[in-house]
Each structure stands twice: as structure tokens, then as C-alpha cells.
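Numbering (this note's numbering), first residue to last: 1 to 279.
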């Protein structure tokens, strides 16, 4: 039995057309919107980076200021249009991309209302928050749905692997502490420090701030380094196996539900697997 929202939804209405342009990418205007927004995001990130260079900021501060306000107004219009186009604006506003959209415009407005020299550090933080706009670029990668779907499918296996890895570094940290801890010149002062060393060594990072000095400790360290290469490959293999099941990014289409904004739907799906509403 269709709900009242389903009966009132008309794809040819202004709201339906707005939703199609903003959330879908298989139409001319949808692609035009995505490309235009992509260009604006790149410009915004470039301006943010150039602002951090004192020489450019002194010379072109006025231009940066005006460009930022133009971009903020355009992003504000886009954010308002997204809220208008969905059936449940609050649900979109609290979603990952909704929060990112808000962070794309909020810093400039806060910077405008916060005045006084003692707020300089706050203003600096607000400016740097604009870097979150880079996450909006993810919306334009068609492969993101395949990757997100594969990560969700892989998460149970990866979580078991991470739990096993946590146990492993605890055991290794305790062993190296037993081996090296009794030496007065050793840096392995306690088990937490030893576990830190185990994590650094197992991940093959090797800062070198803590090193074993006994032959047995060095032998254990060598074994951990070799083991680290195989351990790093495990999560990669798990995720790759899931991606291989979807031989290409075409297996997951970008069909966006207007009711809950869920995007990862299977091919030819007629209903949203998240909320059950028709697509």
C-alpha cells in the first residue's frame, strides 16, 4: 500500500527534477551539475592552500576573501537545494555527506561573526575546517559504491583480524619486555612501551626510537619484521576478494533514494534496501 509521501511524489515536479539533477548523474543536467560542483570544490581547496602561504596571502588576500564568499554562497545554495530535494531533510543533514556539506559553508559564516584579535586562533581553525570540502569529491567517484559495499561486506572478517592483531602485539610486547626489560640500558621500560614498539615494528614503520640490544631481542624483532609484511597483506586480500565479486563498478548503480538518501543499490533495484521506498 503506497504511503502518502509516495502518492505525493511526482518525478516531474520541481522537487523531483531537483532531486534528479543533484543526486543522479545519468542525465545531462546531472552531469553538468556534478562537473560544476567538482570545479568549485577544487578551486576552494586551492584557495585554502594558497592562503596558508604567507607571500600569497599578503598579496592576494582581498581576492581570496571575495572568492571564498562567492564559493560559500554557491555551496549554501547547493546545501539548501539538497535539503529541499529529499523527503527527509533532517536525515540527510545528519548523514555523512550532509555534515560535510554543512562544514563546507559553516566556517566562512562563523569567521564573519567572530571578531576581535583574541579570536585569531579560532578564525584559523575555522579556515582550516574548509579542507573538509575535499570529502565532497568522493561523491563524484562512481567506484565509491563498489568500494563502500566491499568494505561493509569485509568488515566482519577485518574486525576479527584486527582483534587477532591486537592480541598478537600484546603477546609480542610482553615477550620483548621479558627479554629486554631487565637490561639497565634498555628502552623497554614497561609493557605499554613494549606494545608500542611491537606495533611500530609489526607495521614495518620502524621509527628507531626504541631498539632491542640483546641477541634474543634482535632475533624476535627480525621475525616480527618479516611477519609484518604478510600481516599487512591480509586486509588488502579480504577487501580485494569482495571487490573481485563485483567485476566492475557497474555492478552497483548510483540510484539515490529520495526518502533516506541511501545510494548503494543493486542493479535494476526497484525499492530502497534501507527504507523500502520505491526508487
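Glycine included, each C-beta is placed from N, C-alpha and C at the ideal position.
In this structure, the CA atom of residue 35 is about 54 angstroms from the CA atom of residue 174. In this structure residue 213 is exposed. Its beta-carbon is surrounded by fewer than 16 other beta-carbon atoms within 10 angstroms. Short of 7 angstroms from the beta carbon of residue 242, and not among the five residues preceding or following it, lie these beta carbons of its own chain, in chain order: 150, 153 and 154.
Under the three-state reduction of DSSP output, residue 278 falls in the strand class. Of all alpha-carbon atoms in 30, 166 and 68, the one lying nearest the alpha-carbon of residue 42 is that of 68.
Taken atom to atom, the span from the alpha-carbon of residue 50 to that of residue 61 is near 10 angstroms.
In the three-state reduction of the DSSP assignment, residue 271 falls in the strand class. By the neighbour-count criterion, in which 16 or more other beta carbons inside 10 Å mark a residue as buried, residue 23 falls on the buried side. DSSP places residue 54 inside the alpha helix (DSSP H), whose first and last residues are 54 to 85. Taking the Cβ atoms as the reference, residue 157 lies roughly 37 angstroms from residue 85, outside the contact range of under 8 angstroms. As the crow flies, the alpha-carbon of residue 233 is around 10 angstroms from that of residue 240.
Within the same chain, 200 come within 7 angstroms of residue 206 by CB-CB distance, once the 5 residues on both sides are set aside.
The shortest CA-to-CA distance from residue 112 to any of 66, 97 and 90 is the one to 66. When only Cα atoms are considered, residue 244 and residue 90 end up about 36 angstroms apart. The C-beta distance from residue 179 to residue 217 rounds to 5 angstroms, short enough to meet the 8 angstroms contact threshold. In the displayed model, residue 99 falls within a helix according to three-state DSSP.
For residue 34, the enclosing alpha helix (DSSP H) begins and ends at 28 to 51. For residue 192, the enclosing alpha helix (DSSP H) starts and ends at 191 to 202. Taking C-beta atoms as the reference points, residue 228 and residue 203 count as a pair closer than 8 angstroms. Around the beta carbon of residue 63, a 10 Å sphere encloses fewer than 16 other beta carbons of the protein chains shown; the residue is thus reported as exposed.
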